[in-house]
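Q: In our numbering, the protein residues as written are 672 to 724.
Positions of the beta carbon are idealized from the N, C-alpha and C atoms, including for glycine.
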Amino acid sequence: IVDISGRVLNTFENGEREVTLMIPVWDYAPGIYFLEVRNKNQILRTEKIIITR
672 IVDISGRVLN
682 TFENGEREVT
692 LMIPVWDYAP
702 GIYFLEVRNK
712 NQILRTEKII
722 ITR
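Printed below as a string of structure tokens:
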């Protein structure tokens with residue numbers, strides 16, 4: 672999980688090819704965040720997460 676300024680807030684590792692991952696976001700302030708899916712150092716996909724309260 673990366674914030675809007677590019678700071679890495681949290682990382683998760685998984686060795687499975689397919690997975691459903693539940694990410695708790697109650698500790699994050701309202702705002703825009705990005706979920707980066709990586710394979711080693713390569714970004715495979717980026718998803719925007721918007722947290723509102």
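1) Check each candidate in Arg724, Gly702 and Arg709 and name the one with the smallest Cα separation from Ile675.
2) Between which two residues does the beta strand (DSSP E) holding Glu684 run?
3) Within the continuous beta strand (DSSP E) that includes Arg709, where are the two ends?
4) Under the three-state reduction of DSSP, which class applies to Leu715: helix, strand or coil?
5) Comparing C-alpha positions only, which one of Ala700, Leu706 and Glu684 sits nearest to Ile672?
A: Considering the structure as presented:
1) Here the question's residue 675 lines up with position 4 in the sequence shown. Closest by alpha carbon: Gly702.
2) Position 13 of the sequence shown holds residue 684. Here Glu684 belongs to no beta strand (DSSP E), and DSSP marks it neither H nor E.
3) Taking the sequence shown and counting its residues from 1, one reaches residue 709 at position 38. Gly702 to Asn710 is the span of the beta strand (DSSP E), which, as asked, contains Arg709.
4) Locating residue 715 in the sequence shown gives position 44, counting from the first residue. It is a strand residue.
5) To locate residue 672, count along the sequence shown from 1; it is residue 1. Ranking the options by Cα distance to Ile672, first place goes to Leu706.
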